[in-house]
Each structure stands twice: as C-alpha cells, then as structure tokens.
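Residue numbers (the working numbering), protein chains in the order written: chain A, 15 to 126; chain B, 623 to 737. All residues carry an ideal CB built from backbone N, CA and C; glycine is no exception. Everything numeric in this text was worked out from a predicted model, so none of it was measured. Scroll down for the structure; my scribbles are underneath it.
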C-alpha cells in the first residue's frame, strides 16, 4: 500500500520551460490537493479537487494548472516556469474534504 | 479567508521537558484543527487533530487543546525525546461556502530537543 506517490522527486528546469508533476493515490480517496512549501511560509494550497471531475483554486493558483485525470490521479502543470516557482511541492489526499489529509513525499523543483 | 498564526517559530527544550506550541485562527466558522509533524526532508505527517465540538484531545504524550471563544489552539508534548525534534505545523479548516474543506497552515515551529 503506497499511499500517495509523487513523481518526479527532484527536477531542475530553466525559466520558461513547462513541466507536469504527477500524483497518484491508492487509498480510494475522493479529495486531492496540491501544496507548495517555501521556507518560513508553511504549506500553501495551490489547487484542490474535492471529487473526481471538479477542481478549484486555492491560495496561490497563479502560474499553475491542474487536471484530475481520474479518481486516483491529480497532476499539476507549470506552463512557463519562473524562478519564483522554485519550491517543494506536496500532493495530498483525503477520503472526503472534512477528513484528514495524507501527504506524498514531495517534489523538489528548482527553476534557474 | 482563514488566517493562521503560529508561535513560537523556534523552540528549544531539554529532553524530558514539556513543549507547547500555540496557534490562533481568524475564521470563527473553522471547525477542524490538525497538527502535522515534518522531519527534515520528509512528508508532513498527521500526529493529532481536534474538531470544534471538543475542547481537548490526548494521545499518549501529545495533547491538543482548543479555545473556540478565543480562537486559539495549542499542541502540548510532554516528556520530550530527541526524536520529537522536527517542524510542527498547525492548520485550520474552513467550514463554509466555497472554501469548504480547505486547510490553511501556520508558518511552522522548529522544535529541537537536546539530549
């Protein structure tokens, strides 16, 4: 039982390149989330998907897009990467929105 | 939207002492308050949570208290051990409208337990 799996674990991009971060969960959870974590700022919600077929903006959605491909998978896309998007990205899932969230191991993304 | 403030940003204690981390929130409708522990380079992991209809919850050496009137909640760790050293995050979940289910996190507390 892997829980929440994120790929890749590390990535270096050049400014202007595009990139898709992948997230998959095997817990049959309905809700999925993308966060970014920057030093001293905790975790900030980028986008979330309350259930398959729905997505909504979080606190910091600018520069990102998401796709809830199916119940298991929720991807995050950077269309034109900027240095300000250098961060650690975490995907999380929960049974439904009002249940505890379980996190993946994160993707460390550097944009030069 | 919700705003969560967490204090202190760093906390250093001796092994065996107690540690207390405090958070305040702004939205009186928030109804769920989890605490996460994150070790260096690892994922955040849920250690305890409390819902707004409960004032206190304990799990072995960890306890959380909630004061809805004052809109603050606290994490208490007793008999600290070096393996408790980590970053701790509090969070509050918004309860209503289009923000339902969204977690807002505090900025984190770096806890160091000295042997």
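Residue from the options with nearest C-alpha to residue i
{"i": "residue 39(A)", "options": "122(A), 117(A) and 121(A)", "result": "117(A)"}
{"i": "residue 697(B)", "options": "713(B), 736(B) and 675(B)", "result": "713(B)"}
{"i": "residue 644(B)", "options": "650(B), 727(B) and 737(B)", "result": "727(B)"}
{"i": "residue 41(A)", "options": "109(A), 69(A) and 82(A)", "result": "109(A)"}
{"i": "residue 795(B)", "options": "673(B), 725(B), 710(B) and 731(B)", "result": "Because chain B spans 623 through 737 in this model, residue 795(B) falls outside it and cannot be assessed."}
{"i": "residue 101(A)", "options": "624(B), 636(B), 663(B) and 635(B)", "result": "663(B)"}
{"i": "residue 705(B)", "options": "654(B), 637(B) and 632(B)", "result": "637(B)"}
{"i": "residue 623(B)", "options": "642(B), 669(B), 723(B) and 659(B)", "result": "723(B)"}
{"i": "residue 86(A)", "options": "70(A), 64(A), 98(A) and 99(A)", "result": "64(A)"}
{"i": "residue 99(A)", "options": "122(A), 111(A) and 112(A)", "result": "122(A)"}
{"i": "residue 60(A)", "options": "103(A), 16(A) and 111(A)", "result": "103(A)"}
{"i": "residue 20(A)", "options": "725(B), 634(B), 665(B) and 737(B)", "result": "665(B)"}
Exposure label - residue i; buried when at least 16 CB within 10 Å
{"i": "residue 22(A)", "result": "exposed"}
{"i": "residue 55(A)", "result": "exposed"}
{"i": "residue 126(A)", "result": "exposed"}
{"i": "residue 120(A)", "result": "buried"}
{"i": "residue 93(A)", "result": "exposed"}
{"i": "residue 24(A)", "result": "exposed"}
{"i": "residue 114(A)", "result": "exposed"}
{"i": "residue 26(A)", "result": "exposed"}
{"i": "residue 682(B)", "result": "exposed"}
{"i": "residue 45(A)", "result": "buried"}
{"i": "residue 656(B)", "result": "buried"}
Proximal residues of chain B, C-beta to C-beta of residue i below 7 Å
{"i": "residue 114(A)", "result": "656, 668 and 671"}
{"i": "residue 119(A)", "result": "665"}
{"i": "residue 64(A)", "result": "723"}
Cβ neighbours of residue i in the same chain (closer than 6 Å, five flanking residues each side left out)
{"i": "residue 640(B)", "result": "700"}
{"i": "residue 729(B)", "result": "628"}
{"i": "residue 34(A)", "result": "89 and 91"}
{"i": "residue 659(B)", "result": "667, 669, 708 and 710"}
{"i": "residue 625(B)", "result": "648"}
{"i": "residue 654(B)", "result": "673 and 715"}
{"i": "residue 79(A)", "result": "91"}
{"i": "residue 81(A)", "result": "89"}
{"i": "residue 632(B)", "result": "732"}
{"i": "residue 685(B)", "result": "698"}
{"i": "residue 47(A)", "result": "62 and 106"}
{"i": "residue 725(B)", "result": "713 and 715"}
{"i": "residue 111(A)", "result": "45 and 64"}
Proximal chain A residues relative to residue i, where beta-carbon distance stays under 7 Å
{"i": "residue 695(B)", "result": "Here the premise fails: no neighbours, minimum Cβ distance about 15 Å."}
{"i": "residue 729(B)", "result": "54, 55 and 56"}
Same chain, Cβ closer than 8 Å to residue i, five either side skipped, listed in chain order
{"i": "residue 58(A)", "result": "49, 50, 51, 52, 72, 73 and 74"}
{"i": "residue 32(A)", "result": "91, 92, 93, 94 and 95"}
{"i": "residue 678(B)", "result": "672, 685, 686, 687 and 688"}
Residues near residue i in its chain [Cβ-Cβ closer than 7 Å; skip 5 each side]
{"i": "residue 18(A)", "result": "37, 39, 105, 106, 107, 116, 117 and 118"}
{"i": "residue 96(A)", "result": "29, 77 and 125"}
{"i": "residue 84(A)", "result": "66"}
{"i": "residue 690(B)", "result": "674"}
{"i": "residue 737(B)", "result": "637 and 704"}
Contact set between residue i and chain B, taken where Cβ atoms lie within less than 9 Å
{"i": "residue 72(A)", "result": "724"}
{"i": "residue 111(A)", "result": "715, 722, 723 and 724"}
{"i": "residue 59(A)", "result": "724, 725, 726 and 727"}
Supposed close pair residue i, residue j - CB separation, criterion 8 Å
{"i": "residue 707(B)", "j": "residue 735(B)", "result": "5 Å"}
{"i": "residue 695(B)", "j": "residue 687(B)", "result": "6 Å"}
{"i": "residue 646(B)", "j": "residue 693(B)", "result": "6 Å"}
Contact list for residue i against chain B, beta-carbon separation under 8 Å
{"i": "residue 45(A)", "result": "723"}
{"i": "residue 104(A)", "result": "665 and 666"}
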